[in-house]
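These notes are about the structure you will find just below.
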């Protein structure tokens, strides 16, 4: 059916939609022809029809839950019922209402699916409990704890079942884990003899650490100390009465080496202090370029000045370690500001955008010339109503032309 069969337009531009209950005003479109007015409100109907079609697809595909689908249908029905649009609104409402039985069927299917998953989960949890209870009586000390953790992760990944069954199974599972843990702790309590082995390992580590304490090969030696620390931790605890003493010996050897390394680094920092003074001056020069960017001065000149400062910055050499982040960070901010200014300049001079703006201006000027001719013809014909409508149209186009010219000026 055509748009005229579902709506009409009054002389004042008021648009009506035809429904089973009679006509209803959906809005006004005074500046265009009746055909344009109907096309405008028919397009709104098409948008609603597309929204209904999309909802139908989602519902039939089962991509939304029944509750979400019901809420969506309700929302769209309300939107269609009072829509300011021209078209067969009743057919859209009927299509939406037809989704009700589909959603109901899906709801029942999901309910059955949940029940099936709950039954599967109960069987799976019973299997987990049976395995945990078997492990609780085993002597697999190496793998048993890991397997119980895996069983616990599997339990957590399963959905809850009815509360009574879930709680009862969990109590059995938790009791099995607790029993295994207690027996495992009792077993390892008997293995304290291994601490003597740890004592031998740590004494060997201390001998090497004391030999390395006088080294000035800072990098490799620091790496070796890290290796020794890993070996120390891997050895495990020694007997309690000697473990603290052994640690103090190991720590003392490390303190000698790292203290000497820190003193050497401090000497280097003192040597590099003058370099920091030079870079502070260069940073001040660089930061003085920022106001020039804000004023829009010659960007190329600013970049040349910054490159010269950067070259001198590199020539200035290293600075104390505690000044590196501060000085380099401040210099990087200046560099980023120049880069941002460069990017901004490019955006403003983008030839593609400038061409689009010029094309828009040309089209608007042509359109304005055409409207002016139409006004002259209407005046000659004595059609004052058409003259008024065309003059309003002309004023609107002139406003757009002014906006387009301002936009084009930004790219000049």
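Residue numbers (the UniProt record's numbering): 1 to 412. All residues carry an ideal CB built from backbone N, CA and C; glycine is no exception.
For residue 304, the enclosing alpha helix (DSSP H) has its first and last residue at 299-316. Listed in chain order, the beta strand (DSSP E) runs fully inside the region 226-275 amount to none, counting runs of at least 3 residues. Around the beta carbon of residue 257, a 10 Å sphere encloses 16 or more other beta carbons of the protein chains shown; the residue is thus reported as buried. Looking only at 240, 225, 219, 212, the smallest Cα-Cα distance to residue 195 is reached by 240. Between residue 68 and residue 99, the gap from beta carbon to beta carbon reaches 9 Å or more. Taking the CA atoms as reference points, residue 215 sits about 22 Å from residue 321. In the three-state reduction of the DSSP assignment, residue 144 falls in the helix class, which pools H, G and I. Residue pairing by DSSP puts residue 15 in a beta bridge opposite 9, 27.
Exclusion of the five residues before and after residue 177 leaves 132, 136, 148, 152 as the residues of its chain whose Cβ lies within less than 8 Å of its Cβ. In the DSSP assignment, residue 66 falls within the alpha helix (DSSP H) that extends over 66-81. Counting along the chain, the unbroken alpha helix (DSSP H) around residue 43 starts and ends at 34-61. Contact between the region 76-92 and the region 15-29 is present, with at least three C-beta pairs closer than 8 Å.
With contacts defined as CB atoms closer than 9 Å, residue 79 and residue 48 qualify as a contacting pair. In the DSSP secondary-structure assignment, residue 22 is bridged to 19.
Counting every other CB atom within 10 Å of its CB across the protein chains shown gives residue 346 a total below 16, marking it as exposed.
Proximity to residue 173 across 10, 125, 193 peaks at 125, based on C-alpha coordinates.
Counting C-beta pairs closer than 8 Å gives fewer than three between the region 286-300 and the region 231-251, which falls short of the contact rule. Taking a C-beta distance under 9 Å as the contact criterion, residue 282 and residue 324 do not qualify as a contact pair. With at least 16 other beta carbons inside 10 angstroms of its own, residue 253 counts as buried.
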